[in-house]
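Enquirer:
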Amino acid sequence: MADGEEDPAVFTCTALPSDLRLMATVTNSYLGTRVYHDILHISGVYNGAAGDTHRADVPSPVNVRMRVPTADSLAETFTLNTRTGTFSHVLQSNDFAATQQLYAHHSLVHLLAFSITIQRVSRTTQPITVQLQAPFVPKSQDLDLNQGPDFQGAHYIYGRTLVAEVEGGPRPTVHMLWTPVPPTLTLRGEERERSWQFLTAVAESEEGVKRSYSEGLSLATAGSLHSSHAHTWAALWRGCCLDLDGPLSLRQALYGCLYYLLSAIPPPGNHGSLFHGISPGGLSNGSRGEDYWGHIFWDQDTWMFPNILLFYPEAARAILEYRIRTLEGALHNAREQGYEGAKFPWESAATGREVCPEEIYGAQEIHVTGDVLMAFEQYYYTTQDQKLFREDGGWKLVGAVAQYWCSRMEWSEEEQCYHIKGVMPPDEYHCQVDNSVYTNAVAQRSLNFAADIARDFLVPVPEEWVDCAKKVKVPFDAEKKYHPEYDGYRPGEPVKQADVVLLGFPLMHPMSSEVRRNDLEVYEPITELDGPAMSWSMFAVGWLELKEMQRAQSQLNKCFSNITEPFKIWVENSDGTGAVNFLTGMGGFLQAVLFGYTGFRITRSGLRFNPAFPDDINKLKVAGVSYFGNKLKFTITKEEIRIKVTESRRDSPVAPLEALLEGSGQRFPLREGQSVSFPTAAGCVQRSSTEAF
Numbered sequence: 001m002a003d004g005e006e007d008p009a010v011f012t013c014t015a016l017p018s019d020l021r022l023m024a025t026v027t028n029s030y031l032g033t034r035v036y037h038d039i040l041h042i043s044g045v046y047n048g049a050a051g052d053t054h055r056a057d058v059p060s061p062v063n064v065r066m067r068v069p070t071a072d073s074l075a076e077t078f079t080l081n082t083r084t085g086t087f088s089h090v091l092q093s094n095d096f097a098a099t100q101q102l103y104a105h106h107s108l109v110h111l112l113a114f115s116i117t118i119q120r121v122s123r124t125t126q127p128i129t130v131q132l133q134a135p136f137v138p139k140s141q142d143l144d145l146n147q148g149p150d151f152q153g154a155h156y157i158y159g160r161t162l163v164a165e166v167e168g169g170p171r172p173t174v175h176m177l178w179t180p181v182p183p184t185l186t187l188r189g190e191e192r193e194r195s196w197q198f199l200t201a202v203a204e205s206e207e208g209v210k211r212s213y214s215e216g217l218s219l220a221t222a223g224s225l226h227s228s229h230a231h232t233w234a235a236l237w238r239g240c241c242l243d244l245d246g247p248l249s250l251r252q253a254l255y256g257c258l259y260y261l262l263s264a265i266p267p268p269g270n271h272g273s274l275f276h277g278i279s280p281g282g283l284s285n286g287s288r289g290e291d292y293w294g295h296i297f298w299d300q301d302t303w304m305f306p307n308i309l310l311f312y313p314e315a316a317r318a319i320l321e322y323r324i325r326t327l328e329g330a331l332h333n334a335r336e337q338g339y340e341g342a343k344f345p346w347e348s349a350a351t352g353r354e355v356c357p358e359e360i361y362g363a364q365e366i367h368v369t370g371d372v373l374m375a376f377e378q379y380y381y382t383t384q385d386q387k388l389f390r391e392d393g394g395w396k397l398v399g400a401v402a403q404y405w406c407s408r409m410e411w412s413e414e415e416q417c418y419h420i421k422g423v424m425p426p427d428e429y430h431c432q433v434d435n436s437v438y439t440n441a442v443a444q445r446s447l448n449f450a451a452d453i454a455r456d457f458l459v460p461v462p463e464e465w466v467d468c469a470k471k472v473k474v475p476f477d478a479e480k481k482y483h484p485e486y487d488g489y490r491p492g493e494p495v496k497q498a499d500v501v502l503l504g505f506p507l508m509h510p511m512s513s514e515v516r517r518n519d520l521e522v523y524e525p526i527t528e529l530d531g532p533a534m535s536w537s538m539f540a541v542g543w544l545e546l547k548e549m550q551r552a553q554s555q556l557n558k559c560f561s562n563i564t565e566p567f568k569i570w571v572e573n574s575d576g577t578g579a580v581n582f583l584t585g586m587g588g589f590l591q592a593v594l595f596g597y598t599g600f601r602i603t604r605s606g607l608r609f610n611p612a613f614p615d616d617i618n619k620l621k622v623a624g625v626s627y628f629g630n631k632l633k634f635t636i637t638k639e640e641i642r643i644k645v646t647e648s649r650r651d652s653p654v655a656p657l658e659a660l661l662e663g664s665g666q667r668f669p670l671r672e673g674q675s676v677s678f679p680t681a682a683g684c685v686q687r688s689s690t691e692a693f
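In the UniProt record's numbering, the protein residues as written are 1 to 693.
In structure tokens form, the structure reads like this:
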């Protein structure tokens, strides 16, 4: 950055938000909390049966705040540094600076930690005392907690959740060790600076929590605990860049979205613990009655997953593995409703059984099953990871989803096509409708992918899959040249959120530019203005496809109504209602840039690009794009595209890559360490042996 230029990745303020829901969050893939919140959450630890299941509240020892009531002229700042994944609180006077740093260690995921540093900045030798407000009480409404013996100076509690998700099912065990927090810390007169470290370790077993605490304590003693965390974050950002020459507010929004989303994913090489998915509000939220109780929705697979996939396919695989592990629950859901195959729940927790508190959504919002499979498709076409499908359960899931869709369809003699009746589309203002265009199109896509991957594996394709995919009804008004949302939809009826526009992206359902435009123009003015945050991102992508820059920008600008200050926390609805730390909206916003501005599209034949961005953006840089074991860096201006292979995996099963330009047919070999450039145009990154675009 140039001198004096504000860092778009660092958010600083002098006063905290009055709405405590909008505090910064510190999370990793296993632990999460909001700053100055009295509870933390653990991935996969739920309490309550069926529709009452929710993230178990665990008392948080890191809810500690500094005060120096005796100091004169005290300046106070709060900072979220997304580059290091650290929240800081600084009290600054003429004589001293007291700094608290709080973080969820990104590689040692069983650790939360904070430090207090007091530094003398004048020549005074008076003792300096900082008060610590720590309202910690080792009790929980969701856990039967017991006190154990201290360990290496840490206090110890352990217990199990009170109620299993399913009758007779497991009740997760929680073990926690934490450094006791004294009421005050004092820098003695002869000291210039001193730091104190406070650790919280959480694990499923006594052995595991003691191992994690000991490891953290060793690093803290060596003075390298925070630096090891910051080093992991630095590596994350090196492998993932989405930045542009453009408005500061847009750059800040991108860094904020990436920080909160990257906070939720497993660190590279983390094979020690299972991953339990990403809920709309992340691990920092999800108590009973808030943020959808920490359940996993289509939000993960449709809105967050594509961004994670392009940068960190290993983390994307962990998301898919969560769906594979919960397949038995999905098979149960289908049987319970009288169908074959696997029906993924509208709301999922530990088992994959439906845990939505309101029956109508679990029964009718069945498009989630297709959304799950679309994530598997995108992963397969980006990685060619056949092991996930052949050996690790992916193929069984694909076949079960295809079987479900076939059993869910009914043949209409009158129309000579298959119908899917009695559903709720993504637009939740309508229910019990027949032939939701999105639901039917995603079902068709599921069946086509299942058939394609069967052919790749030389497995016979059931005729039923092909027949149902070919003959399922996808409603279309040939006269008005647009897609009705469902059978009987009347133009002008209000729509809650993006629905039909999702046919163009991410479904990439075949249609002309005229139909794409008509869908956007029909549904844009009647979509709820205060509805869920991700809607406008998808309208923006649609207008970018059509090179309508101003219309795209007007849609993307609406998203800023959902971003709160000072820590860029998203709210689900622009009026402040709904989930907070709304990762779903962040995922949609990131897609508007990562897939909208670049024109990236994941297809069977290659990774397409077709850039388009507004006049106030001069250059877009996307580094760390993963494709077939290669890491790619795209630098895009309105005049030129430059692609560089920054890393190439030696064991990649895929031939070398090339860039193919759609109009001219020019081909540019892509070799590690080398850059190619050409005038900005539509094209594709593909295997160099592929002849057709």
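Don't be surprised by glycine CBs; every beta carbon is placed ideally from N, CA and C.
Excluding sequence positions up to five away, which residues of its chain have a Cβ less than 8 Å from the Cβ of Leu74?
Expert: If we look at Leu74 and ignore the five residues flanking it on each side, its Cβ neighbours are Val68, Leu91, Gln92, Ser93.
Enquirer: In whole angstroms, what separates the C-alpha of Glu691 from that of Val645?
Expert: Note on Glu691: pLDDT 43, under 50, position unreliable in the model; the coordinate value appears next. Taking the straight line from one Cα to the other gives about 21 Å.
Enquirer: Rounded to whole angstroms, how far is the Cβ of Leu112 from the Cβ of Asp142, which I believe are closer than 8 Å?
Expert: 18 Å between Cβ atoms; not a contact.
Enquirer: Roughly how many angstroms separate the alpha carbons of Asp477 and Ala402, rounded to a whole number?
Expert: For Asp477 and Ala402, the distance between alpha carbons rounds to 27 Å.
Enquirer: Assuming Leu327 and Pro8 are in contact, meaning their beta carbons sit under 8 Å apart, how far apart are those beta carbons, in whole angstroms?
Expert: About 41 Å separates the two Cβ atoms, so there is no contact after all.
Enquirer: Could you tell me if Ser535 is buried or exposed, where buried requires 16 or more neighbouring beta carbons within 10 angstroms of its beta carbon?
Expert: Looking at its Cβ environment, which holds 16 or more other Cβ atoms inside 10 Å, Ser535 is buried.
Enquirer: Less than 7 Å between C-beta atoms, sequence neighbours within five positions excluded: which residues of the same chain meet that for Glu415?
Expert: Same-chain partners within the cutoff: Lys473.
Enquirer: CA-CA distance, Gly48 and Cys356?
Expert: The straight-line gap from Cα to Cα measures roughly 12 Å.
Enquirer: Where does Gln432 land, buried or exposed, given buried means 16+ other C-beta within 10 angstroms?
Expert: With fewer than 16 Cβ atoms within 10 Å of its Cβ, Gln432 is classed as exposed.
Enquirer: Could you check where the beta strand (DSSP E) with Glu193 kicks off and where it finishes?
Expert: Counting along the chain, the beta strand (DSSP E) containing Glu193 begins and ends at 193–203.
Enquirer: Going straight from the alpha carbon of Gln133 to that of Thr186, what length do you get?
Expert: One C-alpha to the other measures close to 15 Å.
Enquirer: Would the segment 474–493 and the segment 287–299 be scored as touching if the rule is three or more Cβ pairs under 8 Å?
Expert: In short, these stretches do not touch, since the Cβ pair count stays below three.
Enquirer: Suppose contacts are defined by Cβ-Cβ distances below 8 Å. Is Leu670 in contact with Pro679 by that definition?
Expert: No, the Cβ-Cβ distance between Leu670 and Pro679 is not below 8 Å.
Enquirer: Give me, in chain order, the residues of the same chain whose beta-carbon lies closer than 6 Å to that of Ala259; leave out the 5 immediate sequence neighbours on both sides.
Expert: The displayed chain sequence assigns Tyr, not Ala, to residue 259. Excluding sequence neighbours, Tyr259 sits near Thr82.
Enquirer: Terminal residues of the continuous beta strand (DSSP E) containing His41?
Expert: Element bounds for His41: 39–42.
Enquirer: Among all the DSSP beta bridges, which residues are the ones paired with Phe78?
Expert: Per DSSP, Cys13, His89.
Enquirer: Should the segment 297–309 be regarded as contacting the segment 361–379, the criterion being three or more beta carbon pairs within less than 8 Å?
Expert: Segments in contact, yes.
Enquirer: Could you name the residues of the same chain whose beta carbon sits closer than 6 Å to that of Arg551, not counting the 5 residues immediately before and after it, in chain order?
Expert: For Arg551, where only same-chain residues beyond five positions count, the Cβ hits under 6 Å are Trp543.
Enquirer: Should Thr33 be labelled buried (16 or more other beta-carbon atoms within 10 Å of its own) or exposed?
Expert: Buried, because 16 or more other Cβ atoms sit within 10 Å of the Cβ of Thr33.
Enquirer: Which value, in whole angstroms, describes the spacing of the CA atoms of Glu647 and Lys631?
Expert: Computed Cα separation, rounded: 5 Å.
Enquirer: Per DSSP, what kind of secondary structure is Met23 in: helix, strand or coil?
Expert: In this structure, Met23 counts as coil in the three-state DSSP scheme.
Enquirer: Looking only at C-alpha atoms, which of Val676, Pro426, Trp405, Asn435 sits nearest to His419?
Expert: Minimum Cα distance to His419 is reached at Asn435.
Enquirer: So for Asp72, helix, strand or coil by DSSP?
Expert: DSSP places Asp72 in coil when its eight states are reduced to three.
Enquirer: Please report the distance separating the alpha-carbon of Gly629 from that of Gly683.
Expert: Distance between the alpha carbons of Gly629 and Gly683 is about 20 Å.
Enquirer: Is the Cβ-Cβ distance between Val495 and Tyr523 less than 8 Å?
Expert: In this structure, Tyr523 lies closer than 8 Å to Val495 by Cβ.
Enquirer: In whole angstroms, give me the CA-to-CA distance for Phe11 and Phe560.
Expert: The alpha-carbon atoms of Phe11 and Phe560 are separated by roughly 16 Å.
Enquirer: So which of Arg687, Gly223, Gly599, Ser263 has the shortest CA-CA distance to Met538?
Expert: It is Gly599.
Enquirer: With DSSP as the reference, identify every bridge partner of Cys684, one or two as the case may be.
Expert: In DSSP, Cys684 forms a bridge with Arg608, Leu660.
Enquirer: Run through the segment 325–357 for me and flag every whole alpha helix (DSSP H) of 4 or more residues, listed as ranges in chain order.
Expert: If we require 4 residues or more, the alpha helix (DSSP H) runs fully inside the segment 325–357 come out as 327–336.
Enquirer: Please say whether Val622 and Leu660 have beta carbons closer to each other than 8 Å?
Expert: No, Cβ-Cβ distance for Leu660 and Val622 is not below 8 Å.
Enquirer: Three-state secondary structure (DSSP) at Glu691?
Expert: In this prediction, Glu691 scores a pLDDT of 43, lower than 50, which makes its location untrustworthy; the coordinate-derived value is nonetheless stated afterwards. Reduced to three states, the DSSP call for Glu691 is coil.
Enquirer: Whole angstroms are fine: how far does the CA of Arg317 sit from the CA of Ala450?
Expert: Rounded to whole angstroms, Ala450 to Arg317 spans 18 Å at the Cα level.
Enquirer: Which class does Cys468 belong to by DSSP, given the choice of helix, strand or coil?
Expert: Note: Cys468 maps to helix in three-state DSSP.
Enquirer: In three-state DSSP terms, what is His226?
Expert: His226: helix per DSSP, three-state reduction.
Enquirer: On the criterion of 16 or more Cβ atoms from any shown chain inside 10 Å, does Ile526 qualify as buried, or is it exposed?
Expert: Classification for Ile526: exposed.
Enquirer: So what does DSSP say about Thr84, is it helix, strand or coil?
Expert: It is coil, neither helix nor strand.
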